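Chemist: Under our numbering, the residues of the sequence shown are numbered 13 to 415, in order.
The C-beta atom is built at its ideal place from N, Cα and C for all residues, glycine as well.
Computed from a predicted model, the values in this text were never measured in an experiment.
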Amino acid sequence: MSIREIELEGHIIDSMTLPKVFDSIIDMGGDFEVLEFDIGKHKTDKSFTRIQIEGRDEDHLDSIMSEIHRHGATLPEIMDVEWEEAPSDVSLPDNFYSTTNHQTYVRHGGRWVEVKDIEMDCVVVLKGDEAFCKPISHVREGDRVVVGEKGIRVTPPERPREKSVFEFMGSHVSSEKPSDTLIEQVSKEIRDTKKDGGKIGFVLGPAVLHTGCSEEISTLIREGYVDVIFGGNAIGVHDVERAMYGTSLGVDLCEGQPRPDGHKNHLYAISEVVKSGSIRQAIEDGKIQSGIMYECEMNDVPYILAGSIRDDGPLPEVITDTIKAQEAMRENIKDLDLVIMMATMLHSIATGNILPSHVKTICIDINPATVTKLMDRGTAQAMGIVTDVGTFIPRLTNNILNK
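Below is the structure:
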């Protein structure tokens, strides 16, 4: 048997960190013994535990340590982080450390240094006295890439102790209908974030438009509740289509009936914007006089439209190079305090992949699989509301603006 000791500190009980560590050890065929346990007695007190982990051999123990390290387990001994040079561009040394989206520190030069720009499934690169999180596409030959797990400390987010939607929801995925209490909790989270000077990002799918919620989202942008929007070509195209022709996918949004030849309208919309050269110019040309894109341009709210292989057109603003789209999203995701994802599996997961775990995240979708997949891919902080956005958004907007 191979034996190693680990330590856990923080609100490890009510944040379910300790049970996760125990479950991981047992599920992976290891064993453990609690050597020391000091339980915090008040809300502000932290708990501490020292645990002895047993594995069949060193390789088995290393695999257990790799798993529980992601929950914040650290080795008691203090040693500097280890690193090796990247052998070539977009190539990593063996045994490189793969990041979580949790706040991470490395011991470098005899002191603990926070890793900047943290996100999941990346690597840590040392530069001078600092440490940076980099996706593999950014790694260059000779970069000092952290290897192993010595000298690394991960701090998972703790359950919020203030009254909020994140405490109210209880479970991560709620299939309840949009009750007044739930809507009040979400709207309060949005109002409080803006009141405290925080920034809010919206991730939108075209169903937001198909269900007739363009005016509500436009109002929230105009009133200053949205700081950035992420989406794809579809959200831009169908928003412009609605502004120009009053349809979404050819369906009249007032009458709820398809218009004759309405299926062409989204192509007409793309063509008209391309003729102008950009959405902003199409606005100045008088072609677009309302909608989400209109309000973004008029209120200097950035929007990132990431391309897809299935896109029509696309619009001139769509970033068709996926790496460049990722970079634009990373740049605009900095300093966000709250992200609201609505009716898009693809862009919710894409955004979740680059979000630090301390950013509060709410995912609203009629399909529970969207929320489940988002969390399964590492965005564990996301709280899910399973409902129709066409019902939820108008009531949410009304609650935000009339409180």
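Helix, strand or coil: which one does DSSP assign to K128?
Modeler: Taking the sequence shown and counting its residues from 1, one reaches residue 128 at position 116. Looking at K128 - three-state DSSP - the assignment turns out to be strand.
Chemist: Measure the CB-CB distance between E66 and G154 and report whether it falls below 7 Å.
Modeler: Along the sequence shown, read from residue 1 onward, the residue named residue 66 stands at position 54. Along the sequence shown, read from residue 1 onward, the residue named residue 154 stands at position 142. Not in contact: E66 and G154 (Cβ atoms no closer than 7 Å).
Chemist: Quick check: what's the CA-CA separation for G209 versus R68?
Modeler: By 1-based counting over the sequence shown, the position of residue 209 is 197. By 1-based counting over the sequence shown, the position of residue 68 is 56. Going from the Cα of G209 to the Cα of R68 covers about 52 Å.
Chemist: Using only the alpha-carbon positions, how far apart do N245 and E131 sit?
Modeler: The residue you call residue 245 lines up with position 233 of the sequence shown. The residue you call residue 131 lines up with position 119 of the sequence shown. Each residue's Cα considered, the two are about 25 Å apart.
Chemist: Across which residues does DSSP place F242 in a beta bridge pair?
Modeler: In the sequence shown, residue 242 corresponds to position 230, counting from 1. Paired residue(s): V215 and I316.
Chemist: Suppose contacts are defined by Cβ-Cβ distances below 7 Å. Is E253 in contact with A219 by that definition?
Modeler: Residue mapping note: residue 253 aligns to position 241 of the sequence shown, counting from 1. Residue mapping note: residue 219 aligns to position 207 of the sequence shown, counting from 1. Contact flag unset, no.
Chemist: What is the DSSP secondary structure of M357, reduced to helix, strand or coil?
Modeler: By one-based count along the sequence shown, residue 357 stands at place 345. Correct three-state label for M357: helix.
Chemist: For the alpha helix (DSSP H) that F404 lies in, which residues bound it at each end?
Modeler: Residue numbering aside, residue 404 sits at position 392 when the sequence shown is read from its first letter. From DSSP, the alpha helix (DSSP H) with F404 extends over V401 to L413.
Chemist: Could you tell me if T56 is buried or exposed, where buried requires 16 or more neighbouring beta carbons within 10 angstroms of its beta carbon?
Modeler: In the sequence shown, counting from the first residue as 1, residue 56 sits at position 44. The residue in question, T56, is exposed, as its Cβ has fewer than 16 Cβ neighbours within 10 Å.
Chemist: Can you tell me whether S260 is buried or exposed? The criterion is at least 16 other CB atoms within 10 Å of its CB, across all chains shown.
Modeler: Along the sequence shown, read from residue 1 onward, the residue named residue 260 stands at position 248. Classification of S260: buried, given that the 10 Å Cβ count is 16 or more.
Chemist: Measure the beta-carbon distance from G84 to V166 and round it to whole angstroms, keeping in mind my assumption that it falls under 8 Å.
Modeler: Residue numbering aside, residue 84 sits at position 72 when the sequence shown is read from its first letter. Residue numbering aside, residue 166 sits at position 154 when the sequence shown is read from its first letter. Yes, they are in contact, since the Cβ atoms of G84 and V166 sit about 5 Å apart, within 8 Å.
Chemist: Is the beta carbon of F60 sitting closer than 7 Å to the one on D50?
Modeler: Working through the sequence shown from its first residue, we reach residue 60 at position 48. Working through the sequence shown from its first residue, we reach residue 50 at position 38. Cβ distance < 7 Å, so F60 and D50 count as in contact.
Chemist: Which residue wins for smallest C-alpha separation from I164, given the options E126, L265, I291 and M357?
Modeler: Along the sequence shown, one-based indexing puts residue 164 at 152. Ranking E126, L265, I291 and M357 by Cα distance to I164 puts E126 first.
Chemist: Compute the Euclidean distance between the alpha carbons of E267 and G224, then round it to the nearest angstrom.
Modeler: Working through the sequence shown from its first residue, we reach residue 267 at position 255. Working through the sequence shown from its first residue, we reach residue 224 at position 212. The alpha-carbon atoms of E267 and G224 are separated by roughly 11 Å.
Chemist: Which word fits A294, buried or exposed, when buried means at least 16 other C-beta atoms lie within 10 angstroms of its C-beta?
Modeler: By one-based count along the sequence shown, residue 294 stands at place 282. Looking at its Cβ environment, which holds 16 or more other Cβ atoms inside 10 Å, A294 is buried.
Chemist: When burial is assigned at 16 or more other CB atoms within 10 Å of the CB, is A143 buried or exposed?
Modeler: Against the sequence shown, residue 143 aligns to sequence position 131. Buried, since its Cβ has 16 or more Cβ neighbours within 10 Å.
Chemist: Go ahead and label M353 buried or exposed: buried means 16 or more other beta carbons lie within 10 angstroms of its beta carbon, across all protein chains shown.
Modeler: Mapped onto the sequence shown, residue 353 falls at position 341. Classification for M353: buried.
Chemist: Straight-line CA distance for T29 to H23?
Modeler: Residue 29 sits at position 17 when you count from the first residue of the sequence shown. Residue 23 sits at position 11 when you count from the first residue of the sequence shown. Cα-Cα distance, rounded: 8 Å.
Chemist: Between the alpha carbons of Y307 and F44, how many angstroms are there, rounded?
Modeler: The residue you call residue 307 lines up with position 295 of the sequence shown. The residue you call residue 44 lines up with position 32 of the sequence shown. The residue asked about is misnamed: residue 307 is Glu in this sequence, not Tyr. Whole-angstrom Cα-Cα distance: 57 Å.
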